[in-house]
Amino acid sequence: MSDAGTPPSTPSTAPVDDLQPPEAGAFTGLSERVAGAGPSDVSSPTNGSDNGSATRAARGSTKRAAKRASKRGPVAEPPVRVDEVRVLDGPNLYFARPAIKVSLHLPGYLDLRRTEAEALASRLGMRSARPGKRGTALRQRFVMRLLRTVTRRLGTEIGAGRLGVRVRAGRSAADVVIAFPWVHRTRGRVAGEQIGAVLAGLLDAPLRADEVIEAAAAVILEAPDGPGPSVITPTVPVASVTGTNGKTTTTRLLAHMCMTAGLTTAWSSTDGVVVMGETKEEGDFSGPAGARAVLETPGLDIGILETARGGMLLKGMGVTTNDVSVVTNVSADHLGLQGIDTLDQLAEVKAIVTTVTKPQGWVVLNGDDPRVWAMHFGIRAKPWALSLDPGSPALWESINAGGRGITVLDGEIVVLSPNGDPDRLVRIVDVPMTMSGLSRNNIANALAGAAAALGLGVPRSAVIEGLRTFAPDPEHNWGRLNTYTLPLEGGGRATVIMDMAHNEAGLESLLEVARGLAAPGGAVRLSLGCAGDRADEAVVSMGEIAGHGADEVVLKIAEHYLRGRDPEALLGLFREGLAKVGVLDVPGYGTELASFRALVPHTLDGDVIALMCHAERAEVDRWIREHGGKVDDARAIRRKVVSARGEHELEGEIAAVWALDDEDARIAAAQRLVDQHPGDPRLLHELAGTKDSAGDEQGAIGLYEAALAAGLKEPHRHRAQIQLASSLRVVGRPEDAAALIARVLESRPHNTAALVLRALVQADLGQERQAVADLIRATLEGTTDTETQAYRRALRAYADELAPVPPAPSAGG
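Quick note: the sequence shown uses my numbering, first residue 975, plus one each step.
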């Protein structure tokens, strides 16, 4: 309790990393905060009692210091306040071993006169101290130095020797954070609490510095030892995976490779604890509780630990060391929470996993992310750089440092080492999770997973097989770029992508994949939403990204992830971002399923629905299946990617058909492709073409018609119509040919082949004058020759003499 009798504040539930609900009991011990955090001057001792006269003296000095400060003017807060004493059980932001973190608010020190600050420094034996002016950043640096000095003296007094101390500036000049290692939990926590008592006592000039420090030391020494750290030292190989995006996918891929090698594998992630593919516990286990659950698995061969920022900040890592660490990337996410306000600070947190990797182990770093690659300066292990650019400097820096690299070379994943040729593992198009190379993020995740597996000693053959068989489907990677084909009531089929995208980088990646799967001319329709604990500017930014990248946007709320945010306020921020790029009147829905269902009626053949799905994945998956939808396998995704480019998945085989000189061999090769892929409209079109070119127009006509009826798409559809019209003309059906050519020219009025063919058909029908007139007009409309343009009026008059332009039909006709 505080001196004023204010009851201890109730610790709030700390947000966890990513978008999973907090796991029951996952953060037990993380809320070991000092009673009275908030308005109290000094946190209460662990057992709630005075702990003797020393504490009473410290409290009395705090009151006297507050009284002295009040004489200089009104003070709305106490001069010394302990906001939090946090027990970090494992490697953390400050030390590679358990530590006590104390968050302090020290307005009394910032408000000291310079002469008073100099006198205090002299009492503590601080040489050449320059306190600076009140309330300045220089004064904060002085306070940080003073705090370091006091803590070390306190450590000496209790017999801890030269205590390791880390001090950091907080958000305001009055905020300071200090950390020091601990061996015994209770005594370490009491020591953290007593730092506030010492700082309060030092503000009382009549008290000697030694007297204040000795009083606090007495309280610490009277406290029981308490238990030791609960962090685990692994007895099996362990990989720690972190990063802003891609860590769950990389964790699952790495586990898949280990299981492919026949190793008993367990892993933890934001979705739960999984042993050999069977989920043992659901929830967010990306912290120490997940590490413990994994490493307690009977008969374990390899443990893989997704390690999120929340657990590292609130509890520390769950293991003392790892054999391989992976950092996928660092981008804006959860900024403004738990004292992490910038990308550089976030990168420092993510780097924790790399500082405890064994010297003989491997640190896999994304060389395309400067903040991630910079982590190699602080590691003891060997570096392994990954990059999508085979010319990346990071690859060569890693290799020159005795490490390795992994990249994409000539469309293949290759491993680079100091003394050898590139080791070619597998083609990108044969790695299903890359979606035929469409997902750049998943290419990077594949590189990270392969490097980590090889670093753990997984056999090369199992790594390759794992890459070939790990698919972006609900079975292997639930909720991450899961892709479906959904039949539409109005005819045709649409693609649905369900993804965990939860920040700007994830949304950009999702839209990139969606656009790459949309048929030529197809639309991307997006259900947009995120958790409520994102910064306002991040939500607005996602609205802008969505407005730029999608053709239709609806908003959705995930009630479970509002985390205290008003839902209408959240939707308002999205609409603010959308309005910046001209997208207005965007509807919002109370569930993810409702937002998805709202998009379906507007969806046309070849469109893509992209759903940012965090809470209702099972419900959306069920709805899709109940309405005839199916999960896309690797081949279906490949077909969509190729089709979106206006190509066919068998483009190479088709080219080989036309490379044959013998007409009969060409027809036979095309027939084999049709037999192997019955009903494929593109292959029917190619077979028709082989017969047509061999003079078998009658045989070609039925195949052209079959291809068009099967839904042959552009740019091949109008070509098939022109070729069919040509064949109809040759077999003596000019009227049918004329009708078909007219339909082509409705959508492509300047297509030269269609215009010439129309003239030939008109001649066949005895309309020679009309044919010549139409050709003249078409030539004049399409020419860019300046000399021809000079005769435009005269030539048009000649055409009108040959055959006047028929009048346009009336509006009522």
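Positions of the beta carbon are idealized from the N, C-alpha and C atoms, including for glycine.
Neighbourhood of residue i by C-beta distance below 8 Å, restricted to the same chain and skipping five residues each side
i            : result
residue 1770 : 1750, 1751, 1754
residue 1556 : 1521
residue 1757 : 1763
residue 1433 : 1235
residue 1510 : 1547
N- and C-terminal bounds of the alpha helix (DSSP H) containing residue i
i            : result
residue 1624 : Taken as a continuous stretch (DSSP letters only), residue 1624 belongs to no alpha helix (DSSP H), as it is neither H nor E.
residue 1168 : 1159 to 1176
residue 1697 : 1691 to 1704
residue 1487 : 1478 to 1491
residue 1548 : 1541 to 1554
residue 1451 : 1448 to 1451
residue 1675 : 1671 to 1683
residue 1271 : No alpha helix (DSSP H) holds residue 1271; DSSP gives it neither H nor E.
Contacts around residue i, its chain only, beta-carbon distance under 7 Å, and the 5 residues preceding and following it disregarded
i            : result
residue 1460 : 1467, 1468, 1470, 1598, 1601, 1603
residue 1121 : 1141, 1150, 1152
residue 1423 : 1224, 1227, 1228, 1231
residue 1375 : 1357
residue 1656 : 1622, 1686, 1690
residue 1195 : 1132
residue 1515 : 1478, 1551
Of the residues the options, the one placed nearest residue i, counting alpha carbons only
i            : options                : result
residue 1648 : 1637, 1631, 1635       : 1631
residue 1730 : 1084, 1697, 1573       : 1697
residue 1105 : 1125, 1084, 1062       : 1084
residue 1440 : 1642, 1405, 1447       : 1405
residue 1054 : 1073, 1066, 1080       : 1080
residue 1618 : 1410, 1219, 1567, 1165 : 1410
residue 1449 : 1640, 1739, 1591, 1088 : 1591
residue 1200 : 1156, 1503, 1238       : 1156
residue 1072 : 1132, 1179, 1291       : 1291
residue 1594 : 1579, 1566, 1572, 1318 : 1566
residue 1418 : 1394, 1399, 1363       : 1363
residue 1148 : 1110, 1126, 1596, 1128 : 1110
residue 1457 : 1651, 1585, 1774, 1275 : 1585
residue 1745 : 1296, 1712, 1766, 1761 : 1712
residue 1354 : 1531, 1518, 1297       : 1297
residue 1188 : 1136, 1175, 1180       : 1175
residue 1205 : 1573, 1652, 1747, 1330 : 1330
residue 1732 : 1343, 1323, 1703, 1721 : 1703
residue 1212 : 1183, 1334, 1052, 1573 : 1334
residue 1589 : 1533, 1727, 1202, 1582 : 1533
residue 1403 : 1392, 1720, 1384       : 1384
Cβ-based neighbour list, residue i, same chain, cut-off 6 Å, excluding 5 preceding and 5 following
i            : result
residue 1119 : none
residue 1124 : 1172
residue 1252 : none
residue 1197 : 1160, 1161, 1164
residue 1637 : 1668
residue 1265 : 1279, 1292, 1293
residue 1427 : 1228, 1231, 1437
residue 1570 : 1501, 1585, 1594
residue 1695 : 1714, 1718
residue 1027 : Confidence at residue 1027 is low in this model, with a pLDDT of 38, below 50, so its placement is unreliable and no value can be given for it.
residue 1137 : 1126, 1129, 1154
residue 1554 : 1518
Supposed close pair residue i, residue j - CB separation, criterion 8 Å
i            : j            : result
residue 1491 : residue 1473 : Actually they are not in contact, since the Cβ atoms of residue 1491 and residue 1473 sit about 12 Å apart, beyond 8 Å.
residue 1412 : residue 1605 : With a Cβ gap of about 17 Å, residue 1412 and residue 1605 do not count as contacting.
residue 1561 : residue 1529 : 7 Å
residue 1303 : residue 1343 : 5 Å
residue 1658 : residue 1684 : 6 Å
residue 1429 : residue 1347 : With a Cβ gap of about 17 Å, residue 1429 and residue 1347 do not count as contacting.
Start and end residues, beta strand (DSSP E) containing residue i
i            : result
residue 1463 : No beta strand (DSSP E) holds residue 1463; DSSP gives it neither H nor E.
residue 1101 : Neither: residue 1101 is in no beta strand (DSSP E) and is coded neither H nor E.
residue 1079 : 1073 to 1079
residue 1561 : Segment: none, residue 1561 is in no beta strand (DSSP E) and carries neither H nor E.
residue 1261 : Unbroken run through residue 1261: none, as it is neither H nor E.
residue 1252 : 1252 to 1256
residue 1508 : Per DSSP, residue 1508 belongs to no beta strand (DSSP E) and is neither H nor E.
residue 1246 : 1246 to 1249
The stretch 1506 to 1525 / the stretch 1481 to 1498 touching (three or more Cβ pairs under 8 Å): yes
Validate contact between the stretch 1270 to 1278 and the stretch 1237 to 1251 using beta carbons, cut 8 Å, 3 pairs: yes
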